[in-house]
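A short worksheet on the structure shown next.
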Amino acid sequence: MSGTNTKGDDRVLYLEGVCVEGDATTQFRLELQIEGKDIRMVYDEQSSVWEPVHHLELTSALKITVITKVESSVDGSSFSPLDARVDIRGPEVMEAFWDSRTLSIAPTFNNRPATVNFNIRPSPTLKATYEHIMKVYEAMAKCRQLTKGVAEQRINPLVRYGISLAEINPTAKIAFGLIKVTFDALKEQTKYDEIVPDLAIDTGRTLSFSDCVLEDALYDEVEILEPVIKDLCNLAVEVAAFTCEYIKKRSTNIVLDSPALSEDKESIRNLRTRLKKLDEDLDAAVSGATLEAVSNIENDLLLKRLGPVENANYQGNRGCMDGTRTQVINDIFIRATEKIGNDVAPQCPNVDRMLWIYGMPGIGKSAIANSICRRLDEIKQLGRSFFCRRDDPARSETKSVLPTLIYRLAGLYGPYRNRVAQALRDDPQLTPQSASGELFLSSLQSLNAHPSRALVLVIDAFDECGDPNTRRQLLVHLLKACKWNQWLKAIVISRPEHDIRSFFNTNDIFGRDLGQDDNSRTDIRHFTEVRMKMVADKRQVSQDPEPWVGERRLGHIVNRSGGLFLFVETLSQYLMKHRNPKVPLDRLLEGPSEEASIELHKLYLAAIESRVNAEEAEPRLISRAVIGVAPHRALCDKSIAAFTGLEIGIVSSWVDDLSSLVYRDKTIQRGIRVRHISILEYLTGRFCPLDFEST
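Residue 1 is where the sequence shown starts when you use full-length UniProt numbering, and the numbers rise one by one after that.
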């Protein structure tokens, strides 16, 4: 167990020093033991504190023994030394610190009182670490600027910064201390030696990393530093050993062309090569650790201030079935990832910056959106996505879209995250709802660098969020962002609602009508074959001597679908509820085919009537409860039972019986939701049977 506060502070405690106070005639000497093992201590005359050479982390299991020795003197005459031994447990020291009490021990030497005080320090807070890291960046920038001068200018200023990382990391402290001593010796040698100045410069350059501050707890977690610190120690020893030996030999005035000096030149070349490699490794390791800390802190800030929607991202397993919609997905993917040409006509400046994909309900827009997102994500060009949903309060508000996209894009591209975090720090009153568009655009405009490849933002089911006014405002922000930043594109997928169509047409933005897909019938036929085979496997329907659906039934299903993949998906879910699916299928296929939306409504009605008795009060009550709360919050079986006063078993049976239309969403504690928003529209619309209308 580490030295953590029982009240919740998770910082580690370290023993920083021990101070012994007494009368002026008493000279104290202190020894420290941990679990009976001697701990090396050094005395700081300025602070009068005995300090451990290596930092000592306090734990509840430690037994600390303080041995205080004194030599009394009178008129310059010393007497035999006296000592006192005091034992103390780690929890006692830790508890005193967290309770803000001074922990003192009062031993007595030859009837003279003394006081032993413990100096404890906690590891820095994350905020303090962050502030240190910011200072580190500034200091490192100054160091790099200084390296452009002559040798003396490149080295001397660096030494002033060589304390922070060394003080935090005891292992590094030893290494940097050794390098400093070696550097001083080499610098002195350069005054009369033309062989070692470059080695001195390369050795001194390493000192610039000693000011990189990392919190103790953070350092323990950042494994990337461990191997490079080990290399630092090993190389510091080798450079120091070479320097000592070299200076000894040079004091004998070896001639410049001697074999021994040639060997030294080769050794120096080897050491310089390794020092430069160490310099690169330190830079990478420190930058990695620093960036990790900065990233975590800024992500926390953005998460708190922006409040992104958690479950609005795409789902890779909800894309199109393999072998279907291939041409549509490829066309959209190519158009989204190709570079914007310089030959775009002036009258159509937005043609390649935003794409609009539209189609009627059930045609498979969301499946296509998920497939496109997955393809973009695989090549690291998905700027992030937002899937709107009308029956989800968070995903049906346009005010949630940009804050979520800002947060996700910031997590993907570090420079953008830095800009957004800085904007939020500069204006503590800035809220995502009041200024999301301004924050989105200003933080993009302030970027000095941009990704090497285009990033694509994807918004699906755009018609299911907000109203015409708020949707138009959001589209304006997106278009500006894409126009002002050549590396940013956007894909918007929706139904062809009037306000959305009007915006894209007015701004000459390309629209792709999924209803005009030439391969739609072939794709939906393949989709139907696969789904009907699933039904046969589920219900163990004989496929001999020919498939149970057959060419005639297959053709009828494709015709009645009207190009709606949702019709086939719902049909398969509906048929799986029947022991003999042929009977309900034949009943649905009776009579001439009608418009696609009418056929879909007929299927919904058949699913309801076949599983639920519309004349019974309980199913009507459950239906109205689910429909009534859907726009606000999806409730689980237990909540619906409590809301309606029915037994939970009755509610669960209702959900199970209508599983072709509703499901339990695991992402929202198994709340009951419709499988497609058109089902909710049907249940609340004028085509819904009276007994299932919401009141």
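Ideal placement from N, C-alpha and C gives every residue a C-beta, glycine not left out.
Straight-line gap, residue i to residue j (C-alpha atoms, nearest Å)
i, j, result
"Ile-332", "Thr-203", "55 Å"
"Arg-552", "Arg-374", "36 Å"
"His-676", "Ile-334", "29 Å"
"Gly-359", "Arg-611", "31 Å"
"Trp-50", "Ile-67", "12 Å"
"Ser-597", "Asp-499", "22 Å"
"Arg-144", "Arg-305", "Reliability of the predicted coordinates at Arg-144 is poor, the pLDDT of 38 falling under 50, and no value is obtained from them."
"Gln-33", "Asp-231", "31 Å"
"Ile-179", "Arg-274", "14 Å"
"Arg-325", "Arg-318", "13 Å"
"Met-534", "Arg-501", "38 Å"
"Pro-547", "Asn-559", "19 Å"
"Ala-96", "Leu-235", "42 Å"
"His-264", "Arg-272", "The residue asked about is misnamed: residue 264 is Asp in this sequence, not His. Cα-Cα distance, rounded: 12 Å."
"Gly-550", "Gly-364", "25 Å"
"Ser-60", "Leu-303", "35 Å"
"Ser-443", "Leu-430", "13 Å"
"Asn-469", "Pro-361", "22 Å"
"Ala-481", "Phe-440", "8 Å"
"Arg-390", "Glu-594", "28 Å"
"Phe-176", "Gly-22", "36 Å"
"Phe-567", "Arg-512", "22 Å"
Residue burial classification, residue i (beta-carbon count within 10 angstroms, cutoff 16)
i, result
"Phe-462", "buried"
"Ser-436", "buried"
"Tyr-43", "exposed"
"Lys-489", "buried"
"His-632", "exposed"
"Pro-107", "buried"
"Ser-100", "exposed"
"Val-492", "buried"
"Thr-102", "exposed"
"Arg-395", "buried"
"Leu-13", "buried"
"Gly-316", "exposed"
"Val-239", "buried"
"Val-674", "buried"
"Ala-241", "exposed"
Integer Cβ distance of residue i from residue j, believed to fall under 8 Å
i, j, result
"Leu-658", "Ala-625", "So it is not a contact: roughly 13 Å between Cβ atoms."
"Asn-672", "Ile-640", "Here the sequence assigns Ile to residue 672, which means Asn is not the residue at that position. Contact holds; Cβ gap of about 7 Å."
"Asp-467", "Phe-387", "That belief does not hold up - the Cβ atoms of Asp-467 and Phe-387 are roughly 19 Å apart, past 8 Å."
"Phe-527", "Met-321", "6 Å"
According to DSSP, residues forming a beta bridge with residue i
i, result
"Ser-385", "Val-458"
"Gln-33", "Asp-38 and Thr-65"
"Asp-665", "Gly-671"
"Thr-115", "Glu-21"
"Gly-511", "Trp-356"
"Leu-15", "Leu-56 and Ile-120"
"Ala-490", "Met-354 and Leu-457"
"Glu-51", "Val-42"
"Ala-84", "Thr-68"
"Thr-431", "DSSP output for Thr-431 lists no bridge partner at all."
"Arg-89", "Lys-63"
"Ser-104", "Asn-117"
Given residue i as reference, the closest of the options once Cα atoms are compared
i, options, result
"Leu-58", "Tyr-43, His-632, Arg-539 and Ile-88", "Ile-88"
"Val-655", "Arg-395, Ile-622 and Leu-282", "Ile-622"
"Phe-503", "Asp-517, Asp-513 and Leu-479", "Leu-479"
"Glu-298", "Gly-411, Arg-501, Glu-618 and Thr-326", "Gly-411"
"Trp-98", "Asp-83, Ala-536 and Pro-122", "Pro-122"
"Pro-584", "Tyr-574, Ser-593, Gly-591 and Pro-592", "Tyr-574"
"Leu-278", "Ile-229, Leu-302 and Tyr-246", "Ile-229"
"Val-93", "Leu-62, Arg-417 and Arg-389", "Leu-62"
"Arg-587", "Gly-562, Leu-646, Ile-557 and Leu-30", "Ile-557"
"residue 699", "His-477, Gly-515, Arg-29 and Thr-398", "Examination of residue 699 is not possible in this model, given that the chain is present from 1 through 695 alone."
"Val-458", "Leu-409, Thr-243, Arg-384 and Leu-635", "Arg-384"
"His-477", "Leu-402, Ile-39, Gln-540 and Arg-539", "Leu-402"
"Asn-119", "Gly-17, Lys-187 and Ile-195", "Gly-17"
"Leu-409", "His-450, Ile-372 and Cys-465", "His-450"
"Thr-404", "Asn-311, Gln-327 and Arg-495", "Asn-311"
"Asn-519", "Gly-563, Ala-284 and Arg-579", "Gly-563"
"Ala-536", "Arg-686, Arg-579, Ser-494 and Tyr-407", "Arg-579"
"Val-328", "Asp-300, Leu-301, Thr-337 and Ile-368", "Ile-368"
"Thr-206", "Ile-268, Val-196, Asp-544 and Glu-280", "Glu-280"
"Leu-605", "Leu-514, Ala-114, Arg-686 and Phe-565", "Arg-686"
Contact test: residue i Cβ vs the ligand SAM heavy atom, cutoff 6 Å
i, result
"Thr-68", "You won't find the ligand SAM in this model; it holds no ligand whatsoever."
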